[in-house]
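*Asks:*
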Amino acid sequence: MYSKKFVKKDVEFIRSDHIVPIGISTMKRLREDSVQIGRSKFVRLQICSKIHEKSLDLLKNRLRLKLDDDFWIDKAITTTFPREFANSFKINDFVMVCGKARLEEDGTPYLNAFSVRKVSQIEQKCFEQETKLCSEYYSDCAGTSYMPKVATPPLSTELNLGVLGLSRFPIGMLENCTVKKEDTQKSSEDSFEKFGRELAATSSKTAEKLDENNQDADDSFENFAKNIK
Numbered sequence: 001m002y003s004k005k006f007v008k009k010d011v012e013f014i015r016s017d018h019i020v021p022i023g024i025s026t027m028k029r030l031r032e033d034s035v036q037i038g039r040s041k042f043v044r045l046q047i048c049s050k051i052h053e054k055s056l057d058l059l060k061n062r063l064r065l066k067l068d069d070d071f072w073i074d075k076a077i078t079t080t081f082p083r084e085f086a087n088s089f090k091i092n093d094f095v096m097v098c099g100k101a102r103l104e105e106d107g108t109p110y111l112n113a114f115s116v117r118k119v120s121q122i123e124q125k126c127f128e129q130e131t132k133l134c135s136e137y138y139s140d141c142a143g144t145s146y147m148p149k150v151a152t153p154p155l156s157t158e159l160n161l162g163v164l165g166l167s168r169f170p171i172g173m174l175e176n177c178t179v180k181k182e183d184t185q186k187s188s189e190d191s192f193e194k195f196g197r198e199l200a201a202t203s204s205k206t207a208e209k210l211d212e213n214n215q216d217a218d219d220s221f222e223n224f225a226k227n228i229k
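Heads up: the sequence shown begins at 1 in full-length UniProt numbering, then just goes up one per residue.
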């Protein structure tokens, strides 16, 4: 995820894709699909509030929750968010919602949620402090998004490597290994010799056991033959 720069009325803004905590009162004032705080604009937002109304559309597989200040959030019913889980939300439950800011056809803002979970009232109080800290930080002229402003080129492009060109990778850039080649080779030889000795010992024991079994079988047959006579 990267930030995007754009200029409006000689003021440079940074549009970031990371999530920030926002109060619902701020969401209610939206006139576009982003929230502006200082010189930064955010699309992915996080809100926390109490459920005042619940609507479950079975035909469209959508869950709609009305929070404080008549603000609605919309969540799709999926395999990771099944209908049984959607039914678990009750009126007066506190929920934490992450999603993208969106506008209805009439311009009414709402949050298209990709995460909804229940929280305690204590968490909701803590969230209010987070929104204040976020607002104070980004409202300051020095407060800008910590995401990179432009996309950095891939390493292959930076090193002028073509597709399937890893054979030309500069090995000298790699960190030197602390294990010497001679030590590695000696360790491998020792392991191979140990394996050979263990294999030989196992084979010898197996052969001795087979000889004992064969001798026992011969003795049993001789005794059986004597008894018949």
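Each residue gets a CB set at the ideal place from its N, CA and C atoms; glycine is no exception. All values reported here derive from a predicted model rather than from experimental measurement.
Using a Cβ-Cβ cutoff of less than 7 Å, which residues in the same chain neighbour THR131 once the five nearest sequence positions on both sides are dropped?
*Replies:* Excluding residues within five positions, the ones whose Cβ falls inside 7 Å are PRO21, ILE22, GLY23.
*Asks:* For ASP57, which beta-bridge partners are listed by DSSP?
*Replies:* According to DSSP, which records beta bridges pairwise, ASP57 is partnered with ARG62.
*Asks:* Tell me which same chain residues have a C-beta within less than 7 Å of the C-beta of ARG117, skipping the five on either side of it?
*Replies:* If we look at ARG117 and ignore the five residues flanking it on each side, its Cβ neighbours are VAL95, MET96.
*Asks:* Since ALA86 contacts LEU45 with CB under 8 Å, what's their CB separation in whole angstroms?
*Replies:* With a Cβ gap of about 21 Å, ALA86 and LEU45 do not count as contacting.
*Asks:* What residues are listed by DSSP as bridge partners for GLN36?
*Replies:* BP columns for GLN36 point to LYS41.
*Asks:* Is the stretch 64 to 83 in contact with the stretch 104 to 113, if contact means three or more CB pairs nearer than 8 Å?
*Replies:* The stretch 64 to 83, when compared against the stretch 104 to 113, does touch it at the 8 Å Cβ threshold.
*Asks:* Can you tell me which residues form a DSSP beta bridge with GLY23?
*Replies:* Bridge partners of GLY23: none, in fact.
*Asks:* If you draw a straight line from the alpha carbon of GLU84 to that of LYS60, how long is it in whole angstroms?
*Replies:* Cα to Cα, GLU84 sits roughly 16 Å from LYS60.
*Asks:* Determine the DSSP secondary structure at GLY99, reduced to helix, strand or coil.
*Replies:* Here GLY99 sits in strand by DSSP.
*Asks:* Identify every residue that forms a DSSP beta bridge with LEU199.
*Replies:* Paired residues: none, contrary to the question.
*Asks:* Alpha carbon to alpha carbon, what distance is there between ASP106 and LYS125?
*Replies:* Approximately 32 Å, taken between the alpha carbons.
*Asks:* Quick one, are the C-beta atoms of TRP72 and ARG64 less than 7 Å apart?
*Replies:* The answer is yes: Cβ separation under 7 Å.
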